[in-house]
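In full-length UniProt numbering, the protein residues as written are 1 to 841.
A short worksheet on the structure shown next.
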């Protein structure tokens, strides 16, 4: 006997399907023990059919369902019958919804996408009928298939609301169908038939790096292609998929995309796995972490891994020397970094102040502002791979004589010739400044020229921190030969807060806190941070020794002998806390250890924009594993932001992250060796663990293991802002509370609703908007996390127009007191800040 399906195709009769349908009806009314009865009733249905039909005849699905209803009635299973009828009616209704699209869409593969959406989103509010009505309000009789797909995406995305947030995922599925269709058609032009041939073609076209084919055999690539899981595209929201499509997928010279989302993840994984012995196995691990959105790599890594010019690092920091040649070298270094997509931090604290001497001529120095303006113009002139202009934070000590002018770099008042609107000012503070701001705000604060201090006092004030700095600072105050610019602490605080309220900057760098917690203080000190205030590593200026004239092959060559210094570079990634089960230690360790190893490999794989970066990275092998999805994770664990439970929960989470990170770095050191300066570090002598009261059995064992086996990376953890990569992961940014639970975003000329991740009626009130949160809770949480983070955190403060200057000052003082090393932006509710995402990880 043949079954006539609704599409008029025929299949063989299968009694098990009748049995399953009946059993599901019993289960729906709570009769889960009716498995055998369901089988007997199915046989009875079959016998009834045979009585009415010839054994070699055909019967429709609807007729079979009628027989099932009669059999349930005959056997007095009325409650089950009711459930079966309701289910049948629902299925009929769903089929009608789907069929309504067939009047406008002939592509059956798109209908299959809609059918799966209908199956996966079966709750109220996600009916295809709603999508169809919205779609019909846009569609025109002469619309092409591509136009209809675009209208379906537009319709589904505009249905997103606080009540029905999952339309974000539905629109992403239709968008993914569109992208895959475009790529499949484009692959035919390139004669691409599989992943291997795609890699070969893209390598010939200089879109893929040759190193992939050099390190992976044909069989390796076949195995990895089978491992690719395109169903993971369903984890994207519309906004995350749109960002990946427009910014990260490989496209040709005509801007036509030729790489799918999952191929991108696998390409990145293959690149980062190259240094491993079993690179195929490790590539699978990285792919699983990235494609399941358990972690994200930094913007440069995501953009450039697998490509010929593979600059994978996010953050660079240079100490600007007080020489003409040194200043221009730092500007050139910035240009090279910017050219390859990195963000820069420039420390100007060694450059002489305005009015200082040059070669003994008094009052002729122009000060730091003119050199900062040069950095500003470089940021504009040298864009990041044609995508956006360069980004640079400029750091100056709060005791530098040019600090008042520095604080006006971005404000709207004063001489425009002294402005630099395209760089981000940041100030380095000793703890003494905040103590005086709290205890004696009317006391004097003395500003000096670092060059004059060096000439008169014989030491560089900026080369000290903590109590030793305070001692040197007081000596400078007493020295009559030093020119001093005197302000009260109160006047300087006013300038700082005025700039922060107006521009969101300067960023705050608490130098004493950073250096007191530096595990590598035996080899240097930390003068400043990077563009996003989370990287804190030993720094040293690059110095010229001499120029030599050499004869090579009969030609004159000028060779400059240069001391490389410490040109900081850091490689970033972020754990997506909102997508990880934070109570599952096995999952946490897998994700952390995979990303630590992947980041360590970046150091050896990287294409460095300057040799100085390569030298420093080889010495310290510094990495920065951070986190995104912080607020998302709290909400998923039913924890309010402004509670002690928040602090206790995240204290445990970040301790685990640190533990697993150190454990993996030590394991890699046992395999491949420690970083150059491990001996004498606080990692090696155990002070790192003692300072943080890591005294449990597990920590003591790890401390002993590190002392014995070493550590691969001098610096391990740093929390970046994750502006764009958190969108890709469908989570909240960095360690900040959400700006809004629900907001509107303009895309392609349309207003697209956006919602907080996993927003439901239960989680709605767990999400507290950033500007409504008492910021002391955010600072306390930052202090709790800081204990477990060897570098820093990009932590923003959110204020409203109701905030008084005194309230902001109290927050800054508190941040220093709880041990925070930096504060990123002060985000006023009325201030529109364009955040750079060079450090997004």
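We put the CB at the ideal spot given by N, CA and C, even for glycine.
query, result
"DSSP state of residue 640 mapped onto helix, strand, coil", "coil"
"Residue 399 vs residue 473 beta-carbon contact at 8 Å", "yes"
"Separation of residue 24 from residue 132, as counted between CA atoms", "30 Å"
"Proximity test, residue 383 beta-carbon vs the ligand PLP heavy atom, cut-off 7 Å", "No copy of the ligand PLP occurs in the structure displayed, which carries no ligand at all."
"6 Å Cβ shell around residue 682 - same chain, five flanking residues per side excluded", "519, 688"
"Proximity below 8 Å, CB of residue 575 to CB of residue 295", "yes"
"Coil, strand or helix - residue 714 by DSSP", "coil"
"Cβ contact (3+ pairs, closer than 8 Å) linking the stretch 456-464 and the stretch 351-363", "no"
"The alpha helix (DSSP H) enclosing residue 876, as first and last residue numbers", "Outside the displayed range of the chain (1 to 841) lies residue 876, so it cannot be described from this structure."
"Ranges of the alpha helix (DSSP H) found wholly within the stretch 97-127, counting only runs of at least 4", "108-120"
"Short Cβ contact (8 Å threshold) for residue 111 with residue 60", "no"
"Proximal residues to residue 836 (C-beta, below 7 Å), its chain only, five neighbours per side dropped", "A caution first: residue 836 carries a pLDDT of 49, below 50, which makes its placement in the model unreliable, though a value can still be read off. Hits under 7 Å: 343, 391, 531."
"Boundaries of the beta strand (DSSP E) in which residue 465 is found, first to last residue", "Unbroken run through residue 465: none, as it is neither H nor E."
"Per DSSP, cross-strand counterpart(s) of residue 549", "558"
"Beta carbon of residue 238 nearer than 8 Å to that of residue 175", "yes"
"Outcome for residue 828 when other beta-carbon atoms lying within 10 angstroms are tallied against a minimum of 16", "buried"
"Candidates 583, 822, 195: closest to residue 260 by CA position", "195"
"For residue 429, the three-state DSSP class (helix, strand or coil)", "strand"
"Meets three-Cβ-pair contact criterion under 8 Å: the stretch 653-665 and the stretch 491-510", "no"
"Residues that DSSP places opposite residue 10 in a beta bridge", "4"
"Within the stretch 631-708, ranges of the alpha helix (DSSP H) (whole runs, at least 4 residues)", "644-672, 682-685, 687-691"
"Neighbour-count burial assignment, residue 611, 16 or more Cβ in a 10 Å radius", "exposed"
"Which of helix, strand or coil DSSP assigns to residue 398", "coil"
"Straight-line Cα distance separating residue 758 from residue 421", "38 Å"
"Closest Cα partner of residue 761 within the set 754, 796, 741, 462", "741"
"Buried versus exposed call for residue 848 [16 or more other C-beta atoms within 10 Å across all chains shown]", "The structure shown does not extend to residue 848, since the chain is modelled only from 1 through 841, so no value can be given for it."
"C-beta atoms of residue 788 and residue 657 nearer than 8 Å", "yes"
"CA nearest to the CA of residue 213, picked from 280, 184, 230", "280"
"Distance, residue 86 Cα to residue 76 Cα", "17 Å"
"At least three beta-carbon pairs within less than 8 Å, the stretch 15-23 to the stretch 34-47", "yes"
"Pair within 8 Å by beta-carbon distance, residue 535 and residue 565", "no"
"Assigned exposure category for residue 765 - 16 Cβ within 10 Å defines buried", "exposed"
"Integer Cβ distance of residue 262 from residue 232, believed to fall under 8 Å", "6 Å"
"Local conformation of residue 740 per DSSP, three classes", "coil"
"Residue 318, enclosing beta strand (DSSP E) - first and last residue", "315-319"
"Rounded straight-line distance, which links the Cα of residue 247 to that of residue 356", "47 Å"
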